[in-house]
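Residue numbering for the sequence shown follows this note's numbering, beginning at 25 and increasing consecutively.
Quick reminder that beta carbons are idealized off the backbone N, C-alpha and C, glycines included.
The structure presented is a predicted model; accordingly, all values stated were derived computationally and were not measured.
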Amino acid sequence: MDPLELNKDAEIADNDLNQQPDQTNPQVTEELPVNQPADDVQQEDEVETAVSNSTDLQALSREELVAHLKQLLTLEIEAIKDEVEHIKLLFYKKLKADNEENKKAFLESGGEEHDYKPVKDGLDEELKTLLNEYKTKKAALIAKTEADKENNLIQKQHILDRMKVLVESNDDVSSHINEFRELQKKWKTIGQVPQEHVNDLWKSYAACQESFWDLIKINNELREYDFKKNLELKTVICEAAERLDEEADVISAFHQLQKLHDEWRETGPVAREFREEIWNRFKAASAVINRKHQGHFDEIRKIEEDNLVAKTALCEKIEAFDFSSLNSYKAWDEATKTIMGWQEEWRTIGFAPRKSNHKIFDRYRAACDAFFNAKAEFYKASKNVLSDNLEKKKALCEQAEKLKDSTDWKETSETLIRLQKEWKTIGPVAKKYSDEVWKRFISACDYFFEQKQKNTSGQRTEELENLTKKKELIAKINELDAVADKTPAEVLTTLREYIARWNETGHVPFRDKDKIYKEYRSAVDKMFEKLNVDANQRRLDTFKTNLKDMSTKGENKLLREREKLMRAYEHLKSEIATYENNIGFLTSTNKKGSGLIKEMERKIEALKEEAALIEQKITLIEESL
25 MDPLELNKDA
35 EIADNDLNQQ
45 PDQTNPQVTE
55 ELPVNQPADD
65 VQQEDEVETA
75 VSNSTDLQAL
85 SREELVAHLK
95 QLLTLEIEAI
105 KDEVEHIKLL
115 FYKKLKADNE
125 ENKKAFLESG
135 GEEHDYKPVK
145 DGLDEELKTL
155 LNEYKTKKAA
165 LIAKTEADKE
175 NNLIQKQHIL
185 DRMKVLVESN
195 DDVSSHINEF
205 RELQKKWKTI
215 GQVPQEHVND
225 LWKSYAACQE
235 SFWDLIKINN
245 ELREYDFKKN
255 LELKTVICEA
265 AERLDEEADV
275 ISAFHQLQKL
285 HDEWRETGPV
295 AREFREEIWN
305 RFKAASAVIN
315 RKHQGHFDEI
325 RKIEEDNLVA
335 KTALCEKIEA
345 FDFSSLNSYK
355 AWDEATKTIM
365 GWQEEWRTIG
375 FAPRKSNHKI
385 FDRYRAACDA
395 FFNAKAEFYK
405 ASKNVLSDNL
415 EKKKALCEQA
425 EKLKDSTDWK
435 ETSETLIRLQ
445 KEWKTIGPVA
455 KKYSDEVWKR
465 FISACDYFFE
475 QKQKNTSGQR
485 TEELENLTKK
495 KELIAKINEL
505 DAVADKTPAE
515 VLTTLREYIA
525 RWNETGHVPF
535 RDKDKIYKEY
545 RSAVDKMFEK
555 LNVDANQRRL
565 DTFKTNLKDM
575 STKGENKLLR
585 EREKLMRAYE
595 HLKSEIATYE
605 NNIGFLTSTN
615 KKGSGLIKEM
625 ERKIEALKEE
635 AALIEQKITL
645 IEESL
């Protein structure tokens, strides 16, 4: 975001305000000179404040924003300034969001981060063309404004020349009163003049007024009335200036003060005995706002200096990061997470001072590029290895597919198990082929073992016996509720023994499978609730029961389950890392932020408990292999 360009004609200098007014020329001394604020302060927050918060613009797409800008350029340039800036800001925010979304989709589809290319739809160039057109029209407007100021200067100089003639005339000065008043009215209707001539013009104008009214010796009554009226007006101006100290927005207060200074200059003189008093009051109120205005920019400069220190420290960390010894995908992935964490930290830091902002960003960009270029070279060099691994896994797929229709259950089972073990010894393949080749291999293995399961006979009698055993176990579990001479710990130990015996008991007839398991689960859950056993432990006990069933279907079933759990575990770890990173951006200094932090902490704790449960499940599978 471009920093807000500061009004260089605005700042009221404290040292000038402290000057004593000229008692002989009150109109001149009642004018407040102005300072120029520093040009090197970047005010991103002021840009955000100046930009229109139009709901309609927020809802427009990038295409619609460009079309709307094209339409705006048919209107008056001065009237569309804020809306043009808003369109520009929204367009690049939406472009960034589109790029992030496309990048995410690209990565999720198996693409590599270094292969991703940002959105190129021509809208960016069209927007730049329209903005250049706006800048051209704005420049033309500025040129016209400056030409008008020069013309206004000539007109005011002519008025001054005529006023001087009237003042120096030997005629009856009172006969020129009407003409002099008309010159005053005309003076007020003329617009702005070049800033460098403002003070001199006002001094000359005020001097002419003083001289003229002194010459005509306006009657004291009328003069006192004018003085009284002007004093009242200047008192109101002072009160308005003093109320600006209560304004929360320092920039707005300063701009309002500028308008009050214009009103002060337009207001005539007051009685001599009140001039110094009313002037000092207005000067004091102005000094308060001026100091707050300057302090605002001093604070911005301090923040920017702190940001430069923080960004420099990040650059040093990235530059000092040793990636020369990274020789595996895992190592590069871990290193990438570290670098991206620093990049995320960089994005949370605001602007550095303008004179250093581009330089520090170039340093940061160069440090990041050095890492990612080295990573790209590593991945490029690893493509042959990935390709060889893919060919090896395809060969195993072909072998498994040839064996899937075999009826030699024992020998083929042994062969497929051997192929599965060999699969584990082969390194990774390119991410875009990983899921495809794995599904091909495991599908062939699953098909064979399913056919083997269907064709295995002689289990009917055993299944009926198992059914009887499981019914007896359910009855024993229910009877635990009536045991009064055992402690809860002893009951829990007995319950776990029954659960272990259940897991050791083989299959029951298929038609009874769901019913008997439902009765078993109900009995166990009832006892767990009475014993206050947590939900995760129950889930783990249930998994142990299911694991027994999976083991009978062959090692491939367990491997597939382990693969699924590993993916779920990595997903949970990623979620936890995201929440822990995001929580650092929040502050608990307000009620809303505090509540959000507590909610995120609860989510993190729940995710960690879920991850721990999955770890236990993976351990149980590995023990069964």
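Check: Distance check for Glu358 and Asn351, CA to CA, integer angstroms please.; Outcome: 12 Å
Check: By how many angstroms is the C-alpha of His279 removed from the C-alpha of Ala163?; Outcome: 23 Å
Check: With three or more C-beta pairs closer than 8 Å as the rule, is the region 410 to 418 touching the region 450 to 468?; Outcome: yes
Check: Taking the alpha-carbon positions, what's the Leu131 to Gln367 distance?; Outcome: 18 Å
Check: Whole angstroms are fine: how far does the CA of Tyr116 sit from the CA of Tyr158?; Outcome: 17 Å
Check: Report the rounded CA-to-CA distance for Asn202 versus Pro218, giving the unit in angstroms.; Outcome: 29 Å
Check: Can you say whether Ala466 is buried or exposed, counting buried as having 16 or more other CB atoms within 10 angstroms of its CB?; Outcome: Note on residue identity: the sequence assigns Ile, not Ala, to residue 466. Looking at its Cβ environment, which holds 16 or more other Cβ atoms inside 10 Å, Ile466 is buried.
Check: From this set, Ala129, Ser133, Thr98 and Asp139, which residue's C-alpha is nearest Tyr403's C-alpha?; Outcome: Asp139
Check: Beta carbon of Lys128, beta carbon of Arg86: below 8 Å?; Outcome: no
Check: Quick one: Cα of Cys469 to Cα of Leu427, how far?; Outcome: 8 Å
Check: Use the C-beta contact count for Ser349: other C-beta atoms within 10 angstroms, 16 or more gives buried, fewer gives exposed.; Outcome: exposed
Check: According to DSSP, is Ser199 part of a helix, a strand, or is it coil?; Outcome: helix
Check: Below 6 Å CB to CB, which residues in the same chain sit around Ser430 once its five sequence neighbours on both sides are set aside?; Outcome: Thr436
Check: What residue from Ser133, Lys161, Lys252 and Glu149 has the CA that sits closest to Ile104's CA?; Outcome: Lys161
Check: Using CA atoms only, rank isn't needed, just tell me which of Lys283, Leu268, His285 and Leu284 is closest to Ala277.; Outcome: Leu268
Check: Looking only at its chain, what residues have a beta carbon closer than 7 Å to the beta carbon of Glu604, apart from the 5 residues adjacent to it on each side?; Outcome: Ile628
Check: If you count every other CB in all the chains shown that lies within 10 Å of the CB of Gln233, and 16 or more means buried, which is it?; Outcome: buried
Check: Using C-beta distances below 7 Å, list every residue in its chain close to Lys210, excluding the 5 sequence neighbours before and after it, in chain order.; Outcome: Ile183
Check: Report yes if the CB atom of Val108 is closer than 8 Å to the CB atom of Leu151, and no otherwise.; Outcome: no
Check: To which residues of the same chain is Asn77 closer than 6 Å at the C-beta, ignoring the five residues directly before and after it?; Outcome: Low local confidence applies: a pLDDT of 44 at Asn77 is under 50, so the model's placement there is unreliable, with the coordinate-based value given in what follows. Answer for Asn77: no residue qualifies.
Check: By Cβ distance below 7 Å, which residues in the same chain neighbour Lys493 in space, the five residues on each side in sequence not counted?; Outcome: Thr529
Check: Just how far apart, CA to CA, sit Leu114 and Val274?; Outcome: 26 Å
Check: Can you grab the Cα-Cα spacing for the pair Asp393 / Arg387, in whole Å?; Outcome: 10 Å
Check: Can you tell me the Cα-Cα spacing of Asp106 and Ser380, whole angstroms?; Outcome: 28 Å
Check: In this structure, how does DSSP classify Lys632 when only helix, strand and coil are distinguished?; Outcome: helix
Check: Applying the criterion that 16 or more other CB atoms from any shown protein chain within 10 Å of the CB defines a buried residue, is Leu555 buried or exposed?; Outcome: exposed
Check: Would you call Phe473 buried or exposed, if buried means 16 or more other Cβ atoms sit within 10 Å of its Cβ?; Outcome: buried
Check: Taking the alpha helix (DSSP H) that Asp185 falls in, what are its first and last residues?; Outcome: Leu147 to Glu192
Check: Please report how far the alpha carbon of Lys622 lies from the alpha carbon of Leu631, in whole angstroms.; Outcome: 14 Å
Check: How is Tyr140 classed by DSSP in three states: helix, strand or coil?; Outcome: coil
Check: Below 8 Å, can you find three or more Cβ-Cβ pairs linking the region 277 to 296 to the region 334 to 346?; Outcome: no
Check: Please work out which residues of its chain come closer than 6 Å, Cβ to Cβ, to Leu589, disregarding the five sequence neighbours upstream and downstream, and give them in chain order.; Outcome: Ile638, Lys641 and Ile642
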